[in-house]
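Enquirer: Sharing a structure with you now.
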Amino acid sequence: MKILYAIQTTGNGHLARAQSIIPKLKQVADLDIITSGPKNDFLLEEEPIFHYHGLTFFYTDTGAVNWLKTIFLNNYPRFIKEVISCPTKKYDLVINDFEPVSAWSSKFKNVKCFELTNQYSMSLKNIPKPDSYSKLVLSAIKYIIPSNLGYGYHYKKYADRIFFPIIRDKVRNLNISESNEIIIYLPTYSPSKLIEIIKQLPKGKNWTIFSPDTKSKQVISEVNVEPLSEDLFLKKFASCYGIVCAGGFATTSEAIFLGKPMLVVPVEAQIEQQFNAAALMEEGVIVIDRFSQKNLETISKWVDSPSIFKIDYKDESKEIVDTLINDYSNLN
Numbered sequence: 070m071k072i073l074y075a076i077q078t079t080g081n082g083h084l085a086r087a088q089s090i091i092p093k094l095k096q097v098a099d100l101d102i103i104t105s106g107p108k109n110d111f112l113l114e115e116e117p118i119f120h121y122h123g124l125t126f127f128y129t130d131t132g133a134v135n136w137l138k139t140i141f142l143n144n145y146p147r148f149i150k151e152v153i154s155c156p157t158k159k160y161d162l163v164i165n166d167f168e169p170v171s172a173w174s175s176k177f178k179n180v181k182c183f184e185l186t187n188q189y190s191m192s193l194k195n196i197p198k199p200d201s202y203s204k205l206v207l208s209a210i211k212y213i214i215p216s217n218l219g220y221g222y223h224y225k226k227y228a229d230r231i232f233f234p235i236i237r238d239k240v241r242n243l244n245i246s247e248s249n250e251i252i253i254y255l256p257t258y259s260p261s262k263l264i265e266i267i268k269q270l271p272k273g274k275n276w277t278i279f280s281p282d283t284k285s286k287q288v289i290s291e292v293n294v295e296p297l298s299e300d301l302f303l304k305k306f307a308s309c310y311g312i313v314c315a316g317g318f319a320t321t322s323e324a325i326f327l328g329k330p331m332l333v334v335p336v337e338a339q340i341e342q343q344f345n346a347a348a349l350m351e352e353g354v355i356v357i358d359r360f361s362q363k364n365l366e367t368i369s370k371w372v373d374s375p376s377i378f379k380i381d382y383k384d385e386s387k388e389i390v391d392t393l394i395n396d397y398s399n400l401n
């Protein structure tokens, strides 16, 4: 059996869980990997055979999705060429983690495509939902990844065909401790915007910002600003007092697994993160719309008295692969 595993490179979440899925797929199939999206330094153990530009989201410096740029700066003729050239016809099955090139290629070439994403969960009836959201955007997200069958990830098993988050071995093997350091991972915020708020918070905590805008370590107003480094981030994640992060699924899931307090700042107008935030709020996690002056009191209270939402997630990566292979067999 030949399988193509297609992975989105926006953020690290899709790539991080691929680290656990890839070895299980290689045990049952002849596997190739493709990726699409922005350049990402996150290294997979298995080299992709192709990387495509795909489709990209653009953001403002306050973390909001810039829909005008997203709509008008994507190169659609190039995307169509990538869809046509993607070699999906060589495979029995495409397993797709929010990667649009292979999904549309599979649709046009009549190849079985199974969606395996946390985005799939948003379309299910029983999951927590935000008070208001754009049904048009939700429909558009479903349209990005056409598939024969869908499977989702979520913090809890709210419905059928939902799996627990994939927690990679690097996180499972961390030695957990607690310091007085708070780490911030809000990559769509500029460090200067974050530091403006940190300077007004109660003293007594050390702050470290991980930022894609920084090439080497800096100390600004007693705040450490670090370039993105997986090893350093995980080391500080394991020992931190708490983490301020966006509503992305991977980082929030790892914080739950590690039992680290979270202050969640979902990216404005990014519907997936709004859905994640709604589920986290049900479990007592503090969620704010922006890391900004208007939320200073809430941020201060969180620093003084954070709450913890912890689940010791079991590794379901083998169960996931077995389920997909069995369902593929039942379709044929």
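Residue numbers (my numbering): 70 to 401.
All residues carry an ideal CB built from backbone N, CA and C; glycine is no exception.
Quick caveat: nothing in here was measured; it's all calculated off a predicted structure.
How is Y145 classed by DSSP in three states: helix, strand or coil?
Expert: Taking the sequence shown and counting its residues from 1, the one referred to as residue 145 is at position 76. In the three-state scheme derived from DSSP, where H, G and I count as helix and E and B as strand, Y145 is classed as helix.
Enquirer: Between P330 and K226, what straight-line distance do the alpha-carbon atoms span, to the nearest angstrom?
Expert: The residue given as residue 330 occupies position 261 in the sequence shown. The residue given as residue 226 occupies position 157 in the sequence shown. Their backbone Cα atoms lie some 22 angstroms apart in a straight line.
Enquirer: Spell out the partners DSSP gives F183 in its beta bridges.
Expert: In the sequence shown, counting from the first residue as 1, residue 183 sits at position 114. F183 pairs with I164, L218.
Enquirer: Please report how far the alpha carbon of H223 lies from the alpha carbon of V294, in whole angstroms.
Expert: The count along the sequence shown starts at 1 and reaches residue 223 at position 154. The count along the sequence shown starts at 1 and reaches residue 294 at position 225. The straight-line gap from Cα to Cα measures roughly 31 angstroms.
Enquirer: Let me know the secondary structure DSSP gives P296 once reduced to three states.
Expert: Residue numbering aside, residue 296 sits at position 227 when the sequence shown is read from its first letter. Residue state, collapsed to three classes: strand.
Enquirer: With H, G and I counted as helix, E and B as strand and the rest as coil, what does DSSP make of K305?
Expert: Here residue 305 refers to the residue found at position 236 of the sequence shown. Note: K305 maps to helix in three-state DSSP.
Enquirer: With distances taken from CA atoms, which of G353, G221, T157 is nearest R86?
Expert: Position 17 of the sequence shown holds residue 86. Ranking the options by Cα distance to R86, first place goes to G221.
Enquirer: Quick one: what does DSSP say L332 is sitting in, helix, strand or coil?
Expert: Position 263 of the sequence shown, counted from the start, is the residue given in the question as residue 332. Of the three classes helix, strand and coil, the one that applies to L332 here is strand, per DSSP.
Enquirer: Could you say if the stretch 75 to 89 and the stretch 232 to 242 meet the contact criterion of at least three C-beta pairs nearer than 8 angstroms?
Expert: Because the criterion of three Cβ pairs below 8 angstroms is met, the stretch 75 to 89 and the stretch 232 to 242 touch.
Enquirer: Enumerate in chain order the residues of its own chain whose CB-to-CB distance from M70 is below 6 angstroms, with the five nearest sequence positions on each side excluded.
Expert: Residue 70 sits at position 1 when you count from the first residue of the sequence shown. A98, D161.
Enquirer: For the beta strand (DSSP E) that I380 lies in, which residues bound it at each end?
Expert: To locate residue 380, count along the sequence shown from 1; it is residue 311. In the DSSP annotation of this structure, I380 is not part of any beta strand (DSSP E), being labelled neither H nor E.
Enquirer: Can you give me the Cβ contacts of Q269 inside the same chain, cut-off strictly under 7 angstroms, excluding the 5 residues immediately before and after it?
Expert: The count along the sequence shown starts at 1 and reaches residue 269 at position 200. If we look at Q269 and ignore the five residues flanking it on each side, its Cβ neighbours are L365.
Enquirer: By the three-class DSSP mapping on this structure, what secondary structure does G311 have?
Expert: Here residue 311 corresponds to residue number 242 of the sequence shown, with the count starting at 1. DSSP places G311 in strand when its eight states are reduced to three.
Enquirer: Contact check, N165 vs I214 under 8 angstroms by CB: the rounded distance?
Expert: On the sequence shown, position 96 is the one that residue 165 refers to. On the sequence shown, position 145 is the one that residue 214 refers to. Right, the Cβ-Cβ distance comes to about 6 angstroms (below 8 angstroms), so this counts as a contact.
Enquirer: Please work out which residues of its chain come closer than 7 angstroms, Cβ to Cβ, to P107, disregarding the five sequence neighbours upstream and downstream, and give them in chain order.
Expert: What you label residue 107 is simply residue 38 of the sequence shown in a count that begins at 1. Result list for P107: T78, T79, T125, in chain order.
Enquirer: Please report how far the alpha carbon of S248 lies from the alpha carbon of S308, in whole angstroms.
Expert: As a position in the sequence shown, residue 248 is number 179, starting the count at 1. As a position in the sequence shown, residue 308 is number 239, starting the count at 1. Spanning the two alpha carbons is a distance of roughly 6 angstroms.
Enquirer: Among T283, K304, P375, Q287, whose alpha-carbon lies nearest the alpha-carbon of L297?
Expert: If you number the sequence shown from 1, residue 297 lands on position 228. When only C-alpha atoms are compared, the closest one is T283.
Enquirer: Suppose contacts are defined by Cβ-Cβ distances below 9 angstroms. Is L275 in contact with F318 by that definition?
Expert: Locating residue 275 in the sequence shown gives position 206, counting from the first residue. Locating residue 318 in the sequence shown gives position 249, counting from the first residue. Just to set this straight, residue 275 is Asn in the shown sequence, not Leu. Taking 9 angstroms as the Cβ cut-off, N275 and F318 do not qualify as a contacting pair.
Enquirer: Could you pull out every unbroken alpha helix (DSSP H) segment of at least 4 residues lying fully inside the stretch 244 to 297, listed in chain order?
Expert: 260 to 267
Enquirer: Would you call A209 buried or exposed, if buried means 16 or more other Cβ atoms sit within 10 Å of its Cβ?
Expert: For this step, residue 209 is matched to residue 140 along the sequence shown. So A209 ends up on the exposed side.
Enquirer: V170 to R359, Cα distance in whole Å?
Expert: Counting from one through the sequence shown, the residue named residue 170 turns up at place 101. Counting from one through the sequence shown, the residue named residue 359 turns up at place 290. In this structure, the CA atom of V170 is about 32 angstroms from the CA atom of R359.
Enquirer: Comparing alpha-carbon positions, which option in S259, V292, I325 lies nearest G273?
Expert: As a first step, residue 273 is located in the sequence shown; it is residue number 204 there, counting from the start. For the residues S259, V292, I325, the minimum Cα distance to G273 belongs to V292.
Enquirer: Label L137 either buried or exposed according to how many other C-beta atoms from any shown protein chain fall within 10 Å of its C-beta, with 16 as the threshold for buried.
Expert: Position 68 of the sequence shown holds residue 137. When all chains shown are included, L137 counts as exposed.
Enquirer: Quick check on the burial criterion: 16 or more other C-beta atoms within 10 angstroms. Buried or exposed for F183?
Expert: Residue mapping note: residue 183 aligns to position 114 of the sequence shown, counting from 1. F183 counts as buried, since no fewer than 16 other beta carbons sit within 10 angstroms of its beta carbon.
Enquirer: Check F232 in the structure and name its three-state DSSP category.
Expert: Locating residue 232 in the sequence shown gives position 163, counting from the first residue. Of the three classes helix, strand and coil, the one that applies to F232 here is strand, per DSSP.
Enquirer: DSSP three-state label for H120, please.
Expert: Residue numbering aside, residue 120 sits at position 51 when the sequence shown is read from its first letter. DSSP places H120 in strand when its eight states are reduced to three.
Enquirer: Nearest to F388 by alpha carbon, out of E114, P271, R230, S376?
Expert: The count along the sequence shown starts at 1 and reaches residue 388 at position 319. The identity of residue 388 in the sequence shown is Glu, whereas the question assumes Phe. Checked all of E114, P271, R230, S376; the closest Cα to E388 is R230.
Enquirer: Which class does I102 belong to by DSSP, given the choice of helix, strand or coil?
Expert: The count along the sequence shown starts at 1 and reaches residue 102 at position 33. Three-state result, I102: strand.
Enquirer: Would you say T277 and I252 are within 9 angstroms of each other, going by their C-beta atoms?
Expert: Taking the sequence shown and counting its residues from 1, the one referred to as residue 277 is at position 208. Taking the sequence shown and counting its residues from 1, the one referred to as residue 252 is at position 183. Cβ distance < 9 angstroms, so T277 and I252 count as in contact.
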